[in-house]
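First the structure, in the form of structure tokens, and then the observations on it.
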Amino acid sequence: KVRIFSGMQPTSGGLHLGNYVGAMLNWVEIQNTILSGDNNQQQQHDILFSIVDLHSLTNKAVTPERLRANTLDVAIEYISCGIDPTKVILFNQSQVSAHAELQWILSCHTAIGRLENMVQYKEKSKKNTSSLVQNTYGLLAYPILMAADILLYKASHVPVGEDQTQHVELTRKIAYAFNSHHKVDFFTLPQIVNCTETKRIMSLTDASTKMSKSDPSENSRINLTDSDKIITNKIMKAATDSTVGVSYDPENRANISNLLSIASAATGAPITDIAHEFKDQYHSKFKEYLAQQLCKKITPIRDQIEYHRANPKQVKEYLQLGSQRANQLAQNNLKEIKDLIGLYY
Ligand code: ATP
Ligand code: MG
């Protein structure tokens, strides 16, 4: 049985272009491929897309009011990008308490050194205090909670952006450690599904770090809720370099190469074609083109978001229904796990 799990944090309301290109496009494609199959095939699959609000607690910049509002907003954004909540299980993580319970169980199978080795942990824990991501136990344990998210549903496939590959690999190691310790073949080792052309989209202000919800600079990212004017402004301000013309060279021209990746994601055209077209042009000329293409891509999504924001009742109902269905699956599996490891009831 194929079971798909993935999630995004409601750290900020707006998902950004990195979330969209790195993960969401992939989610919609997987969903539609499965849904276009026959009934039999559809029944063989469970697709779970979560808004992982517990993970967002690692970021102190998120106030309780914002967290609540962002959670609904992210659900709206999923749906506006093409996720069909009648066909997939759409829910927010904290509504299924089994995630936190399983996290504890799995933490007893996870060596601390492995956690300290995670790139995300290293990057986020050294971040300056202004980003408000503090070096807490929660930040260190983040990948165990993520492992619990995935293993709770015995997910076989996890479509995430390239930056999360290491965490899914750790999930496999934790699953393996649990299975070996209990001499069972209980957890499926989940597979990562990266978009074939998934690129890590980098920050617009500094292409040496990835585009991120937790970056304090708004100019570093394009949000799906940004107006055409804001998108254009951010692109025109984006960092480039002092070399004349446009060329794709991620090693030496990280900023301009990032803009080319974004242009390719927005238009579907290969990077090399776009680079060729603008090779002798001013950076500003290329940026104008890029801004136009991005606005074209994002406008219909933003319109959908605005529509659902004005009528959130149905989205709230979808979330409630989703939590019920997720809880059913989760409780069954958690009960098996508790049985297996000897928790008395
Ligand atoms: P935070 O900075 O708080 O970690 P984030 O921007 O990384 O937020 P997440 O909710 O952690 O967003 O990630 C959601 C999904 O988006 C994951 O699958 C992740 O791999 C993907 N993703 C995040 N940032 C990028 C990026 N810059 N490029 C491509 N994929 C990305
Ligand atoms: Mg992240």
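With the UniProt record's numbering, the residue at position 140 of the sequence shown is 392, and numbering never jumps.
Don't be surprised by glycine CBs; every beta carbon is placed ideally from N, CA and C.
Owing to the predicted nature of the structure, the values given are computational and were not obtained by experimental measurement.
Nearest-angstrom beta carbon gap, residue j and residue i [assumed within contact, 8 angstroms]
i, j, result
"proline 262", "leucine 300", "Actually they do not touch by this definition, with Cβ atoms about 16 angstroms apart."
"alanine 400", "histidine 361", "Going by Cβ atoms, the distance from alanine 400 to histidine 361 rounds to 11 angstroms, so no, they are not a contact pair."
"leucine 403", "methionine 370", "Not a contact, Cβ separation roughly 17 angstroms."
"leucine 267", "valine 314", "Actually they are not in contact, since the Cβ atoms of leucine 267 and valine 314 sit about 15 angstroms apart, beyond 8 angstroms."
"methionine 488", "alanine 543", "7 angstroms"
"alanine 527", "leucine 546", "The Cβ separation is near 17 angstroms, so there is no contact."
"proline 411", "asparagine 278", "5 angstroms"
"lysine 406", "arginine 255", "6 angstroms"
"isoleucine 286", "glutamine 295", "Isoleucine 286 to glutamine 295, Cβ: 10 angstroms. No contact."
"glycine 574", "phenylalanine 343", "4 angstroms"
"residue 612", "leucine 309", "Residue numbering for the chain in the displayed model covers 253 to 597; residue 612 lies beyond these limits and cannot be assessed."
"serine 349", "isoleucine 396", "Between isoleucine 396 and serine 349 the Cβ distance is about 16 angstroms, and since that is not below 8 angstroms, they are no contact."
"alanine 321", "glycine 265", "7 angstroms"
"isoleucine 335", "histidine 560", "Isoleucine 335 to histidine 560, Cβ: 12 angstroms. No contact."
Residue i - partner residues in DSSP beta bridges
i, result
"glutamine 443", "His409"
"phenylalanine 530", "BP columns for phenylalanine 530 are empty, so no partner."
"glycine 259", "Ser302"
"isoleucine 341", "Leu300"
"lysine 462", "Met454"
"residue 602", "Past the boundaries of the shown model lies residue 602; the chain is included only from 253 to 597, so the question cannot be answered."
"valine 254", "His297"
"valine 371", "DSSP lists no partner for valine 371."
"valine 498", "DSSP lists no partner for valine 498."
"valine 385", "Asn311"
To test your reading of the DSSP string, which unbroken alpha helix (DSSP H) runs of 4 or more residues are found completely within the region 269 to 331? 277 to 288, 291 to 295, 305 to 308
Heavy atoms of the ligand ATP versus C-beta positions, residues under 5 angstroms: Met260, Gln261, Thr263, Gly270, Asn271, Gly274, Ala275, Val412, Gly413, Asp415, Gln416, Arg452, Ile453, Lys462, Met463, Ser464, Lys465, Ser466
Counting Cβ pairs, one atom from each stretch, are 3 or more of them under 8 angstroms apart for the region 302 to 311 and the region 437 to 448? no
State whether the region 469 to 481 contacts the region 430 to 441, with contact taken as three or more CB pairs (one from each stretch) at a distance under 8 angstroms. no
Segment contact, 8 angstroms Cβ cut-off, at least three pairs: the region 531 to 548 with the region 487 to 495: yes
Assess contact between the region 338 to 351 and the region 428 to 435, defined as three or more Cβ pairs (one per stretch) separated by less than 8 angstroms. Is contact present? no
Closer than 8 angstroms is the cut-off here; do at least three beta carbon pairs connect the region 459 to 478 with the region 503 to 512? yes
Curious, which full-length alpha helix (DSSP H) runs of at least 4 residues does the region 531 to 570 contain? 535 to 562
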